[in-house]
Amino acid sequence: MRTDLSGHRHEWLDDDAGPVVRPYTLTGGRVRSCADGFDLVAYVLANPNPDLGAYPELHPEHRLLVELAGRGTPVVELAADLDLAVGVVRVLLGDLLSRGLVAVQQPPRATYLPDNDILKAVMDGLRAL
Amino acid sequence: MDSVRYDAERRGHRVPIALKILIAGGFGAGKTTLVSALSEVRPLQTEEILTGAGIDTDDISGVETKSTTTVAMDFGRITINDDLQLYLFGTPGQDRFWFLWDELAFGALGAVVLADTRRLADCFPSIDYFEQRGVPFVVGVNCFDGSQRFSLEAVRRALDLDHDVPMVLCDARDRQSGKSVLISLVEHVARQRGEPVPAA
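Chains as they are written, first to last, in this note's numbering: chain V, 2 to 130; chain R, 47 to 246.
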């Protein structure tokens, strides 16, 4: 949906930009996650026995996230699977984290990778493709 | 940030390490094509939100009145082994979306800058970005029509590239070709760290 921009030109909005949306409706207007630092490739892992019934305030999207994260899934794949913007998914994940329904494993910063083993594994893996 | 740094492994699960590699270059340089050629899954798309309300501030009052839009990012995945996955991110093409790059570049293993010799200047901004932030990168010269129009040395001069930045000819549509570009990137990262380049 494109809104009528006449009189309200916005620097971001033109043909290159995506549709105008209200992505934060789902989060009740919250744009910031209550937990910081969900990297795009941080792995989210659902608690193996989540008691979702105890949290009636959670949306269906929260529940889907818990389901999708059952075997450990990176943030960016969760967002793609749910077809939600990453920013929205981060807020929802923050809700789940604060309730102990998921755990998050941040990726190591590649610059601090401890040794050559990982580079070697990457190289071997690429050569084997 | 530490509050979310739980060790998921303590819950009895083994979670792989995911490494980010950025695929950059001008509009139409073949970024999405390269991600498609290399990804083991159909490339996925995700969106990041652009909003007048700063994501960096805590003030969320009035968010509902701000104009908001989204910008799409393509990504693909290569599983190296049970413990290691590579995520390839095609960077948003327009210069003005670059603030999104900071997040992509944070902690990334490195980057591939795709150059189209017909529009060489289009990749200057990507090169500047990675040089300034110290992100290791290689330049892949995408040979669109299968023919090499300029020598690599000529392209290197035109890009004013440091001599230690690897340049490779590639065909972004071809998996093997894309694979060699990634391998030169990993070799470059190893060299930059002063570590022996893993042998074949």
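Beta carbons: idealized from backbone N, C-alpha and C, even for Gly. No experiment lies behind these values; they were computed from the predicted model shown.
Given residue i as reference, the closest of the options once Cα atoms are compared
i, options, result
"A80/V", "R72/V, L98/V and L66/V", "L66/V"
"L27/V", "H60/V, P109/V, G126/V and G73/V", "H60/V"
"D168/R", "K225/R, V87/R and N188/R", "N188/R"
"R203/R", "R239/R, L130/R and F170/R", "F170/R"
"A70/V", "L93/V, Y25/V, G126/V and P109/V", "L93/V"
"L98/V", "A122/V, G29/V, E78/V and F39/V", "F39/V"
"Q238/R", "R221/R, H209/R and D220/R", "H209/R"
"F255/R", "V214/R, F145/R, Q222/R and Q131/R", "Any property of residue 255/R remains undetermined from this structure, which presents chain R solely from 47 to 246."
"A104/V", "Y25/V, G30/V and P49/V", "P49/V"
"A47/V", "N117/V, M124/V, A122/V and R72/V", "R72/V"
Contact check, residue i vs residue j, beta carbons under 8 Å
i, j, result
"L83/V", "E62/V", "yes"
"V159/R", "F176/R", "yes"
"I124/R", "S85/R", "yes"
"G74/R", "D162/R", "yes"
"T78/R", "G136/R", "yes"
"L166/R", "L207/R", "no"
"V181/R", "L120/V", "no"
"R110/V", "G153/R", "yes"
"S251/R", "A70/R", "One cannot answer for residue 251/R here, as it falls past the ends of chain R, which runs 47 to 246."
"P138/R", "M119/R", "yes"
"G95/V", "N127/R", "no"
"A55/V", "L130/R", "no"
"A200/R", "F183/R", "no"
Assumed close pair residue i, residue j - CB separation to whole angstroms, cut-off 8 Å
i, j, result
"V32/V", "G88/V", "7 Å"
"Q106/V", "V61/R", "5 Å"
"Y133/R", "V90/V", "No, Y133/R and V90/V are not in contact; Cβ-Cβ is about 16 Å, not under 8 Å."
"V227/R", "G186/R", "5 Å"
Residues of its chain near residue i, where Cβ-Cβ distance is below 7 Å and the 5 sequence neighbours each way are ignored
i, result
"L155/R", "L65, K66, I67 and V235"
"E110/R", "Below a pLDDT of 50, predicted positions are generally treated as unreliable, and E110/R, at 44, falls in that range; the measurement from the model is reported next regardless. Within the same chain, E110/R has no close Cβ partners at all."
"W147/R", "T137 and Y175"
Residues near residue i by beta carbon distance below 6 Å, same chain, minus five either side
i, result
"G224/R", "L80, A83 and L84"
"G76/R", "L160, N188 and A218"
"D102/R", "The pLDDT assigned to D102/R is 44, lower than 50, so where the model puts this residue is not dependable; a value taken from the coordinates is nonetheless given after this. Cβ neighbours of D102/R beyond the five flanking positions: none."
Same chain, Cβ closer than 8 Å to residue i, neighbours up to 5 away in sequence not counted
i, result
"P75/V", "L41, V42, A43, Y44 and V45"
"I63/R", "D129, L130 and Q131"
Cross-strand partners of residue i (DSSP beta bridge)
i, result
"M213/R", "V185/R"
"P75/V", "Y44/V"
"D120/R", "Q91/R and G136/R"
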